[in-house]
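To start, the structure under review is shown below, and the notes come after it.
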């Protein structure tokens, strides 16, 4: 399943008549240029997960960073990283639900 379909399914599963009125998903671009992804985790299986800020840069123009704190997944990356940022979120969700793969 591609990550966009997976994210649609995850979002639909979280929508319970209440959650979607106060929480959601925000995908935007910034002028750096970067993708910025914010996903609310309150009232989800990940609401108690905390991942300290992590930043990775292979070379200039090839970078990403993410964290989970305050019940939000926050990630950013260079213009080629949107799919990667969403796949990273998918992995975190799946690892939280079933435990990390060895």
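In the numbering used here, the protein residues as written are 516 to 617. Note that beta-carbon positions come from the ideal geometry of N, C-alpha and C, so glycine has one too. It should be emphasised that the depicted structure is a prediction, and the values quoted were computed from it without experimental measurement.
By the beta-carbon neighbour count (other beta carbons within 10 angstroms, threshold 16), residue 554 is buried.
Distance check between residue 524 and each of 605, 614, 610 and 613 places 605 closest, using alpha-carbon atoms only. Distance from the Cα of residue 595 is smallest, within the candidate group 517, 613, 549 and 530, for 549. The closest CA to that of residue 539, considering only 563, 527 and 608, is found on 527.
Each residue's CA atom was taken as its position, placing residue 593 and residue 532 some 35 angstroms apart.
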